[in-house]
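Student: Residue 1 is where the sequence shown starts when you use UniProt numbering, and the numbers rise one by one after that.
A virtual CB, placed ideally from N, CA and C, is assigned to each residue, including glycine.
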Amino acid sequence: MTTTTDEAGRTQQRATPTPPAGPSRTAGGRRRRTFTVRRGFGLLAFLAPAFIFVAIFIYYPMIAGSQMAFRNWNLANLTDTSWVGFANFLAVFADPAFGKVVANTVLWVVASIVPQFVIGFGIALWLRRKFRFRGLYQAMIFFPWAISGFLIGILFRWMFNSEFGVINDLLQKVGLIDTPIPWLADPNTAMFAVIVANVWYGVTFFAIMILAALQSVPEDLFEAAALDGAGKARMLFQITIPYIRTTLALTVLLRVIWIFNFPDIIYGMTGGGPANQTHILTTWMIATTQRGDYGRASAIGLIVVAILLVFTAFYLLSMREKKVKA
1 MTTTTDEAGR TQQRATPTPP AGPSRTAGGR RRRTFTVRRG FGLLAFLAPA FIFVAIFIYY
61 PMIAGSQMAF RNWNLANLTD TSWVGFANFL AVFADPAFGK VVANTVLWVV ASIVPQFVIG
121 FGIALWLRRK FRFRGLYQAM IFFPWAISGF LIGILFRWMF NSEFGVINDL LQKVGLIDTP
181 IPWLADPNTA MFAVIVANVW YGVTFFAIMI LAALQSVPED LFEAAALDGA GKARMLFQIT
241 IPYIRTTLAL TVLLRVIWIF NFPDIIYGMT GGGPANQTHI LTTWMIATTQ RGDYGRASAI
301 GLIVVAILLV FTAFYLLSMR EKKVKA
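In structure tokens:
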């Protein structure tokens, strides 16, 4: 209702006309399309193929594989797939190889992540400088990351071959060894060989991520520190590392998750041998599957998922703290 006053001073009320129905407008003046049932079905029709694809190829195998962990699922006797509860998990924990596999997994992660981080950080600092053919060096250093991890494992298997491998050949030529070393057949050296291969493969990831983080450090900070007489070591530990410490922490945590769940190189080089000396949880799961014991293999898989969920939670919390600080 609208109130008006005529010439005689009398007050009159008239109804305000209702605007015609149509698309509403946002605060910026843009037209907002009203949501209708027909439009909702149209959106669902476009999203349905993606939902169906994810459900068939991700969620269904995940659920089907998870329920195997609680059943007597063995290729040797498919007539008996009865529900056994946590028996497969208890069998995994009671396995004599379980302790060795867990120790190998921890060694695999720690001994791989530390050299990868240190070497990758050094390469990133070197590539941050401007010099001739820097783009060519970057391409050469980043190239390994484009190769399959399983192919890297096969490559290093030939390099560490005891009869005609290039590693033994080089060590003999420089006089460090007299006779060839059976790197992958000796339980004392097999784990060292696969870790060397993983370090070579993963250095590229740290170099890429840290170099990207270093590009965000303002040059003004280094110029001011140089005027104050700060050396390179002081600028590294008091400017560079503190400025990118959040990125460094997230990168290390993400790489830990990947290495923990990365059986490709080990499987390509040793297959977990000799005598389970290079087995980690994921390669052990693959070997158990190949023996036909799908129930126990699924139990190992769920243990791996549970551990990865813990690391993922830390990663998400770190990401959240980074956004809050930003």
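Compute the Euclidean distance between the alpha carbons of Arg-234 and Ala-297, then round it to the nearest angstrom.
Tutor: 51 Å
Student: Only counting the same chain, and skipping five residues up and downstream in sequence, which positions put a Cβ closer than 7 Å to that of Val-194?
Tutor: The beta carbon of Val-194 sits closer than 7 Å to the beta carbons of Ile-265, Ile-266, Met-269, Thr-270 and Thr-278 from its chain, once the five residues preceding and following it are set aside; these are given in chain order.
Student: Out of Phe-205, Leu-281, Val-310 and Ser-216, which has the shortest C-alpha to C-alpha gap to Ile-123?
Tutor: Phe-205
Student: Could you tell me if Val-54 is buried or exposed, where buried requires 16 or more neighbouring beta carbons within 10 angstroms of its beta carbon?
Tutor: exposed
Student: Have a look at Asn-188, Ile-303 and Ile-257 and flag the residue whose alpha-carbon is nearest the alpha-carbon of Phe-314.
Tutor: Here the closest residue by C-alpha is Ile-257.
Student: Evaluate the contact criterion for the stretch 132-150 versus the stretch 203-221: three or more CB pairs, one atom per stretch, below 8 Å.
Tutor: yes
Student: Can you tell me the Cβ-Cβ gap for Asn-188 and Pro-180, rounded? I've got them flagged as a contact below 8 Å.
Tutor: No, Asn-188 and Pro-180 are not in contact; Cβ-Cβ is about 15 Å, not under 8 Å.
Student: Does Leu-184 pass the burial test, meaning 16 or more other C-beta atoms within 10 Å, or should it be called exposed?
Tutor: buried
Student: As a quick exercise: from Val-37, Ala-87, Ile-52 and Gln-116, pick the residue whose alpha carbon is nearest that of residue 335.
Tutor: The requested residue 335 is not part of the displayed model; the chain covers only 1 to 326.
Student: Going by the CB atoms, is the gap between Thr-283 and Gly-273 shorter than 7 Å?
Tutor: no
Student: For Asn-261, collect the residues of the same chain with a Cβ closer than 7 Å to its Cβ; drop the 5 residues on either side in sequence, then sort them by chain order.
Tutor: Thr-282, Val-304 and Leu-308
Student: Assuming Val-199 contacts Gln-290 (C-beta within less than 8 Å), just tell me the rounded distance between them.
Tutor: Wrong, their Cβ atoms sit about 27 Å apart, outside the cutoff.
Student: Between the C-alpha atoms of Ser-112 and Val-101, what's the straight-line distance to the nearest angstrom?
Tutor: Between Ser-112 and Val-101, the alpha-carbon positions lie close to 16 Å from each other.
Student: For a quick check, are the C-beta atoms of Ala-225 and Ile-239 less than 7 Å apart?
Tutor: yes
Student: Look at the alpha carbon of Val-84 and the alpha carbon of Gly-292, and state the distance between them as a whole number of angstroms.
Tutor: 17 Å
Student: Can you tell me which residues form a DSSP beta bridge with Asp-293?
Tutor: Asn-74
Student: In terms of alpha-carbon separation, which member of Gly-120, Thr-81, Ala-76 and Ile-58 lies closest to Ala-69?
Tutor: Thr-81
Student: Along the chain, where does the alpha helix (DSSP H) that runs through Gly-271 open and close?
Tutor: Unbroken run through Gly-271: none, as it is neither H nor E.
Student: Start and end of the alpha helix (DSSP H) containing Glu-163?
Tutor: No alpha helix (DSSP H) contains Glu-163, which DSSP labels as neither H nor E.
Student: How big is the Cα-Cα spacing for Gly-65 and Phe-51?
Tutor: Near 20 Å, if we compare the C-alpha coordinates of Phe-51 and Gly-65.
Student: Can you tell me whether DSSP reads Trp-183 as helix, strand or coil?
Tutor: Of the three classes helix, strand and coil, the one that applies to Trp-183 here is coil, per DSSP.
Student: Where does the unbroken alpha helix (DSSP H) through Lys-100 begin, and where does it stop?
Tutor: 98-128
Student: Thinking just about the alpha-carbon of each residue, which of Leu-302, Phe-160, Ile-154 and Phe-121 is nearest to the one in Leu-236?
Tutor: Phe-121
Student: Taking DSSP's pairing of strands, which residues face Ile-83 in a bridge?
Tutor: Residue identity differs from the one stated: residue 83 is Trp in this sequence, not Ile. Arg-71.
Student: With distances taken between CB atoms, is the gap from Thr-105 to Ile-286 smaller than 7 Å?
Tutor: no
Student: Just to confirm my understanding: we take Ser-318, look at its own chain, exclude 5 residues before and 5 after, and list those with CB closer than 8 Å. What are they?
Tutor: Thr-246, Ala-249, Leu-250 and Leu-253
Student: Starting from Thr-251 and walking both ways along the alpha helix (DSSP H), at which residues does that stretch end?
Tutor: 241-260
Student: Can you give me the C-alpha to C-alpha distance between Phe-41 and Ile-56, rounded to a whole angstrom?
Tutor: 22 Å
Student: Considering just the uninterrupted stretch of the alpha helix (DSSP H) at Arg-132, what are its terminal residues?
Tutor: From DSSP, Arg-132 is part of no alpha helix (DSSP H); its letter is neither H nor E.
Student: If you reduce the DSSP assignment to three classes, tell me which class residue 330 lands in.
Tutor: For residue 330 there is no data in the structure shown, the boundaries of the chain being 1 and 326.
Student: Which residue marks the beginning of the alpha helix (DSSP H) containing Leu-43, and which one marks its end?
Tutor: 37-54
Student: Between Phe-164 and Ile-177, what straight-line distance do the alpha-carbon atoms span, to the nearest angstrom?
Tutor: The alpha-carbon atoms of Phe-164 and Ile-177 are separated by roughly 15 Å.
Student: According to DSSP, is Ser-148 helix, strand or coil?
Tutor: In this structure, Ser-148 counts as coil in the three-state DSSP scheme.
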